[in-house]
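Residue numbers (UniProt numbering): 1 to 955.
Idealized CB from N, CA, C, for every residue including glycine.
Notes follow once the structure below has been shown.
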């Protein structure tokens, strides 16, 4: 009802009570009237039936039909009496008068001792029993008329009353009631309409007046004459209209004044716009000059840097004293830092100019992370930091995006973490933040945590601003341009992600960013890595987080990994496992920088490799040189942080002897024939003498026929004189620049095919490569250049030197191993002693010098016997094999070599008996020979014999 109008509310309030009252009264009086009519009929029927019963008493007793007939005829004259019927005491109809031939009443209706009524659809029958009066009984014949002491009726009188007049009266009463109700409703409706009009008409007048005022007709006035209440509203509305009219006049005056002021202001703004337009043109020109200045400065700075870095690398390859090499390394690092600063400034310039273009190509996230960690590992390990990548299993590896920019962001964040961390660790974690399976999109979260100095809240608020640093003091402890985080923030936002940090002063920092990317549609099937499932290894690691990452990888490949907490525990558990005939397939030892020259670990590796015959894999920080004693004792060596492929291939090699990396080894690469056996002829064009000399030196060092030209004119002259397969062209040269020289080279005769021309420039602004392609260049290489990049370009365009393919990229060398013989798997069970010095001296009659000589002769014999036994077995020469084994068995009898002696005895017996286990015994004997050979190479056994100290070295 809140939304109803006044008219509707008045009608409802007026009509509803009236209608309800009228209907209730009409219904009440109608029902009462009808009830009275029916009751009147019943009363008359009862009265007439009683009167007739009294009058018919004598007639029924005497069965006088004429008397009864006269009574009934007299009663038929009454209104509503339709018929009269008399019944005797035997319930037999005696007389019936009236219209129709009504059927006699049934006996049930006549058994009553009192009056009753039978109602039909069109009439009601009133039945009254007739009794003899007492006075009459005394005068009549004396006989018993009261059977059982009760009075019995002598008959019955039935008077039928018609309903016709009663129904007419009922209809008449209902019609009158209906007419009265309708009259009341119409009267109420008229009153309600009148009242509603009295209320709504003034309201409508007021609404119309308000509407006219809203339209701006402020001269409107309203007079309703509807009562004092509306008079107050009228006066208020009229007063408001008058005030509005005055306000409008005043406002119009103000508008005229404001318009005049605005006209003057617009004239001033127009003048300012002209000035701003001139300023904008000047700003655009200044921006163009700035971009051109950055391009020129890039070229001018990179050009000498190219020479500095290039010739420094060339000098480092030459033999020189150690101090001079250290000085050159410092020069190279300083130049690379300067180049990094230049790159940061140019990247920031691209972003500010809005010319940063992002690629969208499929790439493998884990490979990007591992490349960054391997690249930054030397810096972290030089500070004795633990650098660890942790990539969770649910992170997809094939995603779409710009791998170069993702790598740049990760590099900046990890490099900052290393820079501001003195002790502890730097951990990169990659996890799945959200996944949309329907649209094949994922949101990845990458966080870099460190245990460094941390950041205050004030530092955190301004850290992502350009040229802002956490350490902005004049001390400049950490250096840098302050652009790394600003560039990372803009790159992440351009890729649709967010970046942030969580830090507390003195407790380290965690930088994180999200990367929303589509999944790559063409997923390459990852090679199965189930060849190591079920193998048992033991792992000792001093750096907790690195141990967690490596253990996580190995468990994913199905290996059973046991952890040891100390070298002594590792040695004991290997010994116990071999005693229970379930030795470990490999022992992994991870150490930090301080333990590289530890005698305890040297003893541990020697004991595992030589005495226990258990292969070991050494995990060390990045080594500046390979002269540390530990890497030479272990069967395998990998630098931290550990990469997946390198670790799996090393485990596969050390456990099963399968060398999957052999195809990529330097020796295998050297054995491959070059794609193009003909050496290409290359022309290098550069106006800078140092750069030209560097390019020519790099080319000639790689046996490339190279010619140099210091200008475009000289390049054209040499191109006319001889044929070249490839041209490296500098862009900025006096006289004829690189673009014009390229156009003229394209028009020269004598070149049946298109001459590949590669642009050499220090410019690094956006869209540079596309513009160079449009100008006729086939490729682009930014300065400073390296030998590997140079040879990669040569291979790409000439086919010479496949191992330098730029597209395949350099193959990282993860370990240096002796490929002349395969790795023998670890011994899984307890064996006899490999060497017993005490037994050797005992067999030589206590003469240590003789025992030493006999043992030396046996060791010299081993190398030839190993080759001969394998050749005899492969050729099927059992006689020659038996003779060789017999001689070896005889030599082992005079030396303290229990294991070899026993295996030679068993194998010789098997050969003589031609038993089925000859091949197994042969392999066991060869393993014992190799163990003895390794023991002799890695042990100072001469000193043991000469010291006369009998010792037994147990496996």
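The criterion of a C-beta distance shorter than 9 Å is not satisfied by residue 420 and residue 287. Taking C-beta atoms under 8 Å as the contact rule, residue 650 and residue 636 qualify, at a distance of about 5 Å. Between the region 535–544 and the region 510–521, the count of Cβ pairs shorter than 8 Å is below three; the stretches do not touch.
Counting the other Cβ atoms within 10 Å of the Cβ of residue 919 gives fewer than 16, which makes it exposed. Apart from the 5 residues on each side of it in sequence, residue 449 sits with its Cβ closer than 6 Å to the Cβ of 427, 510 in its chain, given in chain order.
When DSSP assignments are scanned along the region 65–133, the uninterrupted stretches of beta strand (DSSP E) that are 3 or more residues long and fall wholly within it turn out to be 81–88, 93–97, 116–119, 123–130. Linking residue 398 to residue 452 through their CA atoms gives a straight-line distance of about 33 Å. Counting only runs of 4+ residues, the alpha helix (DSSP H) found wholly inside the region 695–760 occupies 712–721, 738–746, in chain order.
Sixteen is the threshold: when 16 or more other Cβ atoms of the shown chains lie within 10 Å of the Cβ of residue 512, as they do, the residue is buried. Sixteen is the threshold: since fewer than 16 other Cβ atoms of the shown chains lie within 10 Å of the Cβ of residue 269, the residue is exposed. For the set 83, 105, 84, the Cα lying nearest the Cα of residue 92 is the one of 105.
Looking at 912, 567, 76, 859, the one whose alpha-carbon comes closest to that of residue 895 is 859. With contacts defined by Cβ atoms closer than 9 Å, residue 757 and residue 748 do not form a contacting pair.
Residue nearest to residue 914 within the set 685, 195, 882, 125 is 882 (criterion: CA-CA distance). At the C-beta level, residue 412 and residue 488 come within 9 Å of one another. In the three-state reduction of the DSSP assignment, residue 648 falls in the helix class, which pools H, G and I. Taking the CA atoms as reference points, residue 879 sits about 32 Å from residue 658. By the beta-carbon neighbour count (other beta carbons within 10 angstroms, threshold 16), residue 535 is buried. Its chain contains 392, 445 as the residues whose beta carbon lies nearer than 6 Å to that of residue 431, once the 5 sequence neighbours on both sides are disregarded; these appear in chain order. Residue 262 counts as exposed, since fewer than 16 other C-beta atoms from the protein chains shown sit within 10 angstroms of its C-beta.
Nearest to residue 394 by C-alpha distance, out of 778, 621, 366, 9, is 366.
Counting C-beta pairs with one atom in each stretch, the region 697–704 and the region 773–793 have three or more that are closer than 8 Å, which means they touch. Looking at the DSSP output, residue 158 shares a beta bridge with 85, 127. Cβ-Cβ separation between residue 234 and residue 222: approximately 5 Å, consistent with a contact (criterion under 8 Å). If the five residues before and after residue 115 are omitted, its C-beta is found closer than 8 Å to the C-beta atoms of 46, 49, 50, 126, 127, 128, 129, all from its own chain and listed in chain order. Residue 578 counts as buried, since at least 16 other C-beta atoms from the protein chains shown sit within 10 angstroms of its C-beta. If you compare the alpha carbons of 289, 591, 187, 681 with that of residue 642, the shortest gap goes to 591. Taking 9 Å as the cut-off, the beta carbon of residue 157 is found closer than this to the beta carbon of residue 52. Sequence-distant partners of residue 709 (beyond 5 residues in either direction) whose C-beta falls short of 6 Å from its own C-beta, in its chain, are 685, 715, 718. For residue 729, the closest of 711, 153, 265 by C-alpha to C-alpha distance is 711. Residue pairing for residue 637: DSSP places it in a beta bridge opposite 618. Between the alpha carbons of residue 380 and residue 570 lies a gap of roughly 28 Å.
Residue 872 and residue 899 have their C-alpha atoms some 22 Å from each other. Between the region 235–253 and the region 269–282, the count of C-beta pairs closer than 8 Å stays below three; the two stretches do not touch. The continuous beta strand (DSSP E) containing residue 539 extends over residues 536–541. Residue 99 and residue 83 have their alpha carbons spaced roughly 6 Å apart.
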